[in-house]
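**Q** Numbering (the numbering used here), first residue to last: 136 to 230.
Backbone N, C-alpha and C define an ideal beta-carbon position, used for all residues, glycine too.
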């Protein structure tokens with residue numbers, strides 16, 4: 136999350152600053168999505184900017200689209216653990 140209430144900077148500039156901070160913090164990850172307030176939606180050439188009513192003005196959320204994030208986290212098929220085996224049921228016996 137990035138907050139910048141400087142009225143002299145454009146929303147696009149604030150988004151670029153937020154992306155720069157994100158890439159500094161997570162150098163191995165390239166963000167794919169930016170969330171801003173609906174009133175501040177603007178175009179940035181290489182990233183999707185989406186407006187949401189729940190994001191406060193002057194605030195920029197930078198991150199990964201959920202599908203992209205899941206793809207990065209998936210294990211190769213050969214190493215994917217299988218479902219655990221069901222435990223055998225014990226029978227209660229009368230003594």
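1) Closest by CA to residue 142, which one among 198, 194 and 199?
2) When the Cα of residue 165 is compared with those of 183, 146, 145 and 190, which residue comes out closest?
3) With C-beta atoms as the reference, is residue 175 less than 9 Å away from residue 188?
4) From residue 154 to residue 136, what does the alpha carbon distance come to, in whole angstroms?
5) For residue 191, which of 159, 170, 160 and 151 has the nearest alpha-carbon?
6) Pull up the distance between the alpha-carbon of residue 198 and that of residue 160, whole angstroms please.
**A** Inspection of the coordinates gives the following:
1) 194
2) Nearest neighbour of residue 165 by Cα position, chosen from 183, 146, 145 and 190, turns out to be 183.
3) no
4) 10 Å
5) 170
6) 12 Å
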